[in-house]
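All remarks here apply to the structure that follows.
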Amino acid sequence: MRPAALISQALEILVALAAAPLFLGWVSQCRAWLANRGAPSVFLPYRNLHKLFHKEAVLAQNASALFRIAPYVVFGTMVVAAGIIPSLSGRLPLVAAADAIALVGLFATARVFLSLAAMDVGTAFGTLGARREMMVGFLAEPALLMVIFVASLISATTALPAISAHLASERLSVDPSLAFTGVAFTLVLLAENARIPVDNPATHLELTMIHEAMLLEYSARHLALMEWASALRLFNYACIGFALFVPWGIAARGIGPLGLSLAVPVLALKLAAAGAGLAVIETLSAKLRVMRAPEFLATAFVFAVLGLLVHILLGGP
Amino acid sequence: MTTSLSPLLADPLADCLALVGAWLVIGIAGLAAPRSVRYAGRALFALGALVALALAAVAAWSLVSGVTQTQVLPIGLPDLPFHLRLDALSSAFLLLLGASVAGVSLFSAGYFRESDGMAPGLLCLQYHVFLASMALVLLADDAYAFMVGWELMALSSYFLVTTQHRIPEIRRAGFLYLLMAHVSALFILLAFGILQGGSWHFTFDAMRTAHLSPAWAAGAFLLATLGFGAKAGLVPLHVWLPEAHPAAPSPVSALLSGVMLKTAVYGMLRVTFDLLGHPVWWWGLVPLAAGLLTALYGVIFAAVQTDMKRLLAYSSIENVGLLFTGLGLGVVFFGVGMPALAALALLATLYHALNHAAMKSLLFLGTGSVLHATGQRNLGRLGGLIHRMPWVAALTLIGALALAGLPPLNGFVSEWLLLQSFLFADEIPRTFVNLLLPLGAAVVALCAALAGYVMVKFYGVIFLGQPRESSLAHAHDCGRLERLGLGWLAALCIALGLAPVPVIAALAPVTRQLVGSTVPQAGASWWLLAPVPHRAVSYSPLVLLLAGAAIIALTALLVRLFYRRGLRRTRPWDCGFGEITPRMQDTAEGFGQPIRSIFQSFFAIERELPTPFDAAPRYRIAISDRIWRGLYQPLWRGVRRLADAAAVLQRGRISAYLLYSFATLVILLAVVLAT
Amino acid sequence: MIELSFLLGIPAAGAIALALWGARGDAPEMNAAFSLGTFAAACALTLRVIAHGPQLLWREQFFIDAFNVFLVALTAFVGLTTSLFSRPYMRVEVAHGRLNPGRLRLYHSMYQLFMLTMLTALTTNNMGLLWVAMEGATLSTVLLVTLYRTPQSLEAGWKYFILCGVGIAQALFGTILLYFAAEKVLGAQGVAALEWTRLDAVKSQLEPTVLALAFVFLLVGYGTKAGLAPLHSWLPDAHAEGPTPISAVLSGLLLNVALYAVVRCKVLVEGSVHSALPSRMLMGFGLLSVVLASLLLFRQRDIKRLFAYSSIEHMGLATFAFGLSGPVATFAALLHMTVHSLTKSSIFFTVGHAAQKAGSQLVDDIRGLITLSPTVGWGLMMGTLAILGLPPFGVFASEFLILTTAMRQQPWSIPILLLALGIAFAAIFRRVQPMVFGDTQARRLPHAPALLPVFAHLAIVLLLGLYIPPYLADWYRAAAHLIGGR
Amino acid sequence: MTHVPFNQQLLNACAALMLLLSFAMLSQRRIVSLVNLFAVQGAVLAATTLLLAWRTGAGHLYFSAVLTLALKVAFLPWLLHRLIRRLGVYWDTEPLLEISGTMLAGILIVVFSFGLAEPIAHLASTSMRNAIGIAVAVVLLAFLMMITRRKAMSQVVGFLSMENGLFFAAMSATYGMPMIVELGVALDVLVAVLVLGVFFFQIREQFDSLDLHHLERLSEHQ
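These protein sequences, in sequence, are chains C, G, R and P.
Going by my numbering, the first residue of the first sequence is number 17, and it counts up by one from there.
Going by my numbering, the first residue of the second sequence is number 156, and it counts up by one from there.
Going by my numbering, the first residue of the third sequence is number -15, and it counts up by one from there.
Going by my numbering, the first residue of the fourth sequence is number 617, and it counts up by one from there.
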């Protein structure tokens, strides 16, 4: 592979690492505005990470090695994931190693390690969180897979860049199946990233929290990695969304540095819009009871499958 | 080229026979000192492991060298001596057998002790007869030899299942197992009865050439599906499996789940593609639908189990479902004239068979070690073992992650292949079918995700958290031999996960034999798996792993470099909650609760909820199988009723008996006069 | 010639000798010795037939061909092993005070007489003599069934006597009709008109209607003794209440011989009646027996009754196979007769020992045999698995052929057979498993069981499952050709 | 209508008598007279045999006539009477099927057996082919009698009269069976009755009665 490809690959990852916390900050700022609160700085997440990294780590006595490895694994998987989602350019050597299905697999890996780590100390909240996380996951994962299936049936491949390139190449047309899957994807995104209505990232209200419950025992650098990883996850999901539904502006294979430099502002625009949209959804919707979450995700799953059927029935564009 | 090599390589079939014979000899040698654990329990099993390794090597060799050998043994029926045949298909499954048995036997060498059950010598005999009979099933080239091997397999494994024959439940399980095995064998027998096509030659060669009318052929296929399905545990014929597999000693459970179930898949492949030859596309829908149902059913039940071995048994049901799904998809593709895609689907099946053999054996052996260390099978009494038994915990983790289908381990590869082949289902030139099949993909995805759930429950509850019993404090890690066995299987999982391309290349002859086509490897290098060249689809676990490892290492390095602050151990925080006890953790039931509430309709649930006024409040929940209640119990009752009705005839009154004779006589005479 | 005279002479002499000295302490050995002699004679006869082909002896009154010679050998062999088994068994019975020397004498003498009738029935060429011998078999065993003089045994004996007597009377009527038809063809030349060989020669000219009617009578008659449902009612009682050696020979030999008679008649009738009627009847009886037996098996609690019903089931299977009547099916049926008699008698041996140990025939009273006496336990387990048709035992071989043939020729019968076999499997195994496995409070008995017969039988059955010696196979083929070969 | 020779008429009369006697036995409840009827039936049988022998001049028929006379007219009735006296069983209890019903069934059986004998009869060359039907009837009536009776003794008598029917059938169809067979049959019958005698005493000492309802224990119908 040529150095150009390597560069774009590295750039992709670095951008993701850098932009993920910012995106998180942006979303919470928008939420604050919508709630008529004084908004925190967009860079708050960076400060948090910095602070956490400089603290002394406190670990439960009976925490095993798994508990300490988990943050690195989760973080690592998220970074790799970021490396195979075309956010800036479609020319990504790593993509050869992992297509969309593998991407879903990567997310699953992260989730499993997260849950195992949460069960490791053996506290009430930890196991509770792990259970709920897996509950959300086992419904969200197939839904996401179905969404990707529709896209790959349309474009006859499961490699993300190829998909987005194919979709981008088409004339702008409202594919009904994509409409269905779009809704499904949004729901999955909300659930997977512990956003309202499934979870509330802002609180530690025991009975409702999912994601936070799993991190309770973490501190300092481990917590920092976990937080960063979850920011990355949100970022990745957003980028998947872009690649599938608004694939324009991603530098295709041929294009060189120029295309990249062009892609960056486009991505920024998309992220800003997406963040705002996310904030709006979160503000408008109310937190569901945990036991309602499965129905929420089941809806997502059904929508995705409907999208699949619609595609085969109408043959797509 | 084989001739230039040593005679050993020249004649793999003879080698296989020699090795199978060696197994039998080892088994019989066990009777020399049946009570001696050192001799029968350790030495002989270790020897058997070596034989298995050799068998795997031979099978691998014959697979790559692509020879097809036949041989006739002078035993069997007068007109039907044992025909044997070693071709790609049988070599592949022999490889599976040898590779996984090597690990299991190694483990067993350290596992079996003096117990109140059978003497080690007898175990040794039954165990090795079991292995030999499985090998015979794979090598058989005529119906009689196949059936002998098949039933011998069931019989020997029955004795292994009922090792602890003093426990009534285990006897019951054994009874149910042997009964189902025998009935399924009868179905298979009848399938062969059709296949020989009136030529009264029961050799597979005769069956390959026999011409059957479509109706007969379909009948044979359905009978075979019933027979092999019952053996493999397809819903609704699965009821025996979660009883029998946990009842056996763990190494035997490993063999039952890991290897024996695959012989059913082998038989299915053999009958469908080799003996019947030209399957009609709609046949495939039967195993496909049954497989999907089975997969979902199995994984859902696995999620709510509280006995670790039952949990694994149900997960085996799930995987069998996936195997049959792939097989059915293959039949459909082949039937509509898409051999390349059929090859892809069958490849997924074969690959998954290999994977499941490795990982399920690994996990069952892991539970065996836990069982030995703690004497507990109930998940509600385990926990925190990762501190006590690090080896078992580490090696089992690999198996659990693999079974959860996570990259870069092996479980994911076959899942990936299966999904890929589903992605082509919309190209099938049959309306409505191409509409329905993608839904199968949805089910598969759901099952895969649920498998993750199950594995987190399995691993987390056993090894993580705090010990739920004080007795667990002095659990001990497993011995060296057991470690070796577990390690071997874990290594298999990793190898199968990281190097799919060579494995697929090795399996290519099999698909060529079955559907006359292989999965194209164009554009693929040894590290890059690209089964569908015209679609830019590829997967490379190795690269993925390296990238991930690199990033993780880098992160760790950076963290070390810039933030070297200390690390302090203290009580868990748990939101500042006061004293925390093991009882505060989720129980197995608790962890399964979401599944239970979401898929309520699948279970027959009995709850025993405490009232606020209970002195000693108690919460009990019993989950049972609706199919058992809805199908088998009525069947049993029906037979009982029939028997009662028949008993009325036999009331001991001699006049009545005379009357029967009289009536028979008169009726027959009337019949004769009438004609 | 000389072999035959020994074959029939030795048991006759034995009957007389044991009638005189049957009460002596060494009578069991004498019994065994006579049986050994008979077996030797049978072997010699067999060798001669192998060497010189079918034999027609003693003014054509006796006829040995491929069909009956292996049955003769089998009968003599089982007779021998059973006598070996009954040595310790009967001693224990006497020790338990269930028998007195007088009855022991009756037992031994009648045992030899029974062997005589069996061998005569097998070897005779005269349908009339065949009838006489069959009736003689009943008479010689009926007093053995009632040997214990318990109420149950008397009842069993009475039913055995009446039902078989009536049945056999029908057979006599059939024989008369046969004679009647034969006279039309062969002319009134007395005995000759009842010789099977001659009848077989002219069977195509015999009057069909008469032979069809005759076949009904013969079938009902000999079928009663073969225990075909619904004529089977005497069988479980007689098997369960008599002393175990007698159960063994009744199951192992009498049923075979009766079925042999049926088949001989079938050959003649089919030759004359050019329709599938006889085969259909056999199939019907066979299926009915299999189904009814399996259902009645289901609720058995008495171990000997259990295996008695299983005998009905297997006889039914063999009859069904004869009804299928192709070379393959007939081959299978003959094989099935052989392996069944060997297996079933060995099972009865082990059951006898087990019942003696437990002092009861009820399944619930017999537990944990492999801890109590491993050899008996494993013997019973192996025998049961063999009779249930699990390989590598011979029963599997025959069932394999029967089922595959039926699948091809009479698919309609398959569901019935499947259900019945499944039920029978469940019924037998769920009773035997707890007997062999599990815990027991009973203590070992002093006397050593006679297990040589058990394992000898099982070994042969195992052999037949994996390897049928060529000459034996040739016999089967020749016999199959003789009977069903169309 | 051709002229029927005298001895032929006699034979037909004997045949009719056989049938009549069977019906009489069917209806008879006193065991003693049952035995007597059996003896008479034996006598008729012997007479038939003699007539046939005289007519055909077949030597072995004379012999078998003598055999019948000795066995079935003289010895067996004597033995049975002796047993009756020793065991004190004079009456049979109510039969399972009341007499009138039994009679009705008997009529049906006769019709059936004539229908059965028809194809055989028109083949027979013997001078009393018409009797074959009667022989079948006698056999089946004896069967019926065994079914309906409750006393061991009467069942035995039924058994023996069935034997008579068989002999009669042999006579009428083929002028008897070959000698060796007849001897064998006779021997069996003799042994059978002796065995039965033993039986009776065994049963008696167990249940002190010969009522068959004692013998209904071995049942599958718990």
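Heads up, the beta-carbon is just placed ideally off N, CA and C, and yes, glycines get one too.
All of these numbers come straight from a predicted model, not from anything done at the bench.
{"query": "Residue of P:N780, P:F823, P:R820 and P:R833 minimising C-alpha distance to L687 of chain P", "result": "P:N780"}
{"query": "Same chain, Cβ closer than 8 Å to I398 of chain R, neighbours up to 5 away in sequence not counted", "result": "L387, A390 and M391"}
{"query": "Residues, ordered as in the chain, of the stretch 198 to 228 of chain R that lie near chain P by beta-carbon distance below 7 Å", "result": "D221"}
{"query": "Where R720 of chain G meets chain C, residues with beta-carbon distance less than 9 Å", "result": "F69, H70, K71, E72, A73, A236 and R237"}
{"query": "C-beta neighbour in chain R for Q797 of chain P, strict 7 Å", "result": "Per the sequence presented here, residue 797 of chain P reads as Val, with Gln not at that position. Yes, its Cβ sits closer than 7 Å to a Cβ of chain R."}
{"query": "A642 of chain G, enclosing alpha helix (DSSP H) - first and last residue", "result": "Just to set this straight, residue 642 of chain G is Gly in the shown sequence, not Ala. Counting along the chain, the alpha helix (DSSP H) containing G642 of chain G begins and ends at R635 to L653."}
{"query": "Enclosing beta strand (DSSP E) for T225 of chain G [first to last residue]", "result": "Q224 to L232"}
{"query": "Chain-ordered residues of the stretch 158 to 171 of chain C with a beta carbon less than 8 Å from chain G", "result": "P158, L161, M162, F165, S168 and L169"}
{"query": "P135 of chain R beta carbon less than 7 Å from that of F199 of chain R", "result": "no"}
{"query": "Per-residue DSSP class, three states only, for V658 of chain G", "result": "helix"}
{"query": "Supposed close pair A26 of chain R, A50 of chain R - CB separation, criterion 8 Å", "result": "15 Å between Cβ atoms; not a contact."}
{"query": "Closer than 7 Å to chain P by CB, A818 of chain G", "result": "no"}
{"query": "Contact set between the stretch 788 to 820 of chain G and chain P, restricted to residues whose Cβ is under 7 Å from the partner", "result": "A802, V803, Q805, R806, G807, R808, I809, S810, L813, L814 and F817"}
{"query": "Chain R contact for F775 of chain P (CB, 7 Å cutoff)", "result": "yes"}
{"query": "Cα-Cα separation between A711 of chain G and Y88 of chain C, rounded to whole angstroms", "result": "7 Å"}
{"query": "Test: S643 of chain P CB closer than 7 Å to a CB of chain G", "result": "no"}
{"query": "Per-residue contacts from P501 of chain R into chain P (C-beta, under 8 Å)", "result": "Any answer about residue 501 of chain R is impossible in this case: the structure gives chain R only from -15 up to 470."}
{"query": "Listed by chain order, chain G residues near F306 of chain R by CB distance under 8 Å", "result": "The premise fails here: F306 of chain R is roughly 17 Å from chain G at the closest Cβ pair, so nothing lies under 8 Å."}
{"query": "Cβ-based contacts, 8 Å cut-off: residues of the stretch 707 to 740 of chain P near chain G", "result": "L712, F728, G731, L732 and P735"}
{"query": "Within the stretch 286 to 338 of chain R, ranges of the beta strand (DSSP E) (whole runs, at least 3 residues)", "result": "none"}
{"query": "Uninterrupted alpha helix (DSSP H) stretches inside the stretch 724 to 796 of chain G (no shorter than 4 residues)", "result": "743 to 753"}
{"query": "Extent of the continuous alpha helix (DSSP H) to which A328 of chain C belongs", "result": "Before going further, note that residue 328 of chain C is Ile rather than Ala in the sequence given. Where I328 of chain C is concerned, the enclosing alpha helix (DSSP H) stretches over A309 to L330."}
{"query": "DSSP-derived helix/strand/coil call for W396 of chain R", "result": "coil"}
{"query": "Spatial distance of H676 of chain P from G800 of chain P (CA atoms)", "result": "14 Å"}
{"query": "Burial state of I(-14) of chain R (16 or more Cβ within 10 Å)", "result": "exposed"}
{"query": "L501 of chain G - containing alpha helix (DSSP H), residue span", "result": "P494 to T529"}
{"query": "Neighbour-count burial assignment, I146 of chain R, 16 or more Cβ in a 10 Å radius", "result": "buried"}
{"query": "Residues in the stretch 763 to 795 of chain P having any Cβ partner in chain G nearer than 9 Å", "result": "I763, T764, R765, R766 and Q771"}
{"query": "Cβ-based contacts, 7 Å cut-off: residues of the stretch 385 to 408 of chain R near chain G", "result": "L387, T388, M391, R392, I398, L402, L405, G406 and I407"}
{"query": "Short CB-CB distance (under 7 Å) between G92 of chain C and chain G", "result": "yes"}
{"query": "V438 of chain R and T322 of chain R closer than 7 Å at C-beta", "result": "no"}
{"query": "Reference Y299 of chain G; option with closest CA among R:Y451, R:G37, R:S137 and R:K250", "result": "R:Y451"}
{"query": "Three-way DSSP call (helix, strand, coil) for Y194 of chain G in this model", "result": "helix"}
{"query": "Secondary structure of T158 of chain G, DSSP reduced to three states", "result": "In this prediction, T158 of chain G has a pLDDT of 48, which is less than 50 and means its spatial position is unreliable; what the coordinates show is noted afterwards. In this structure, T158 of chain G counts as coil in the three-state DSSP scheme."}
{"query": "Whole runs of the alpha helix (DSSP H) within the stretch 357 to 390 of chain G, excluding any shorter than 4 residues", "result": "359 to 364 and 369 to 387"}
{"query": "N- and C-terminal bounds of the beta strand (DSSP E) containing H830 of chain P", "result": "Note, H830 of chain P: premise wrong, no beta strand (DSSP E); not H, not E."}
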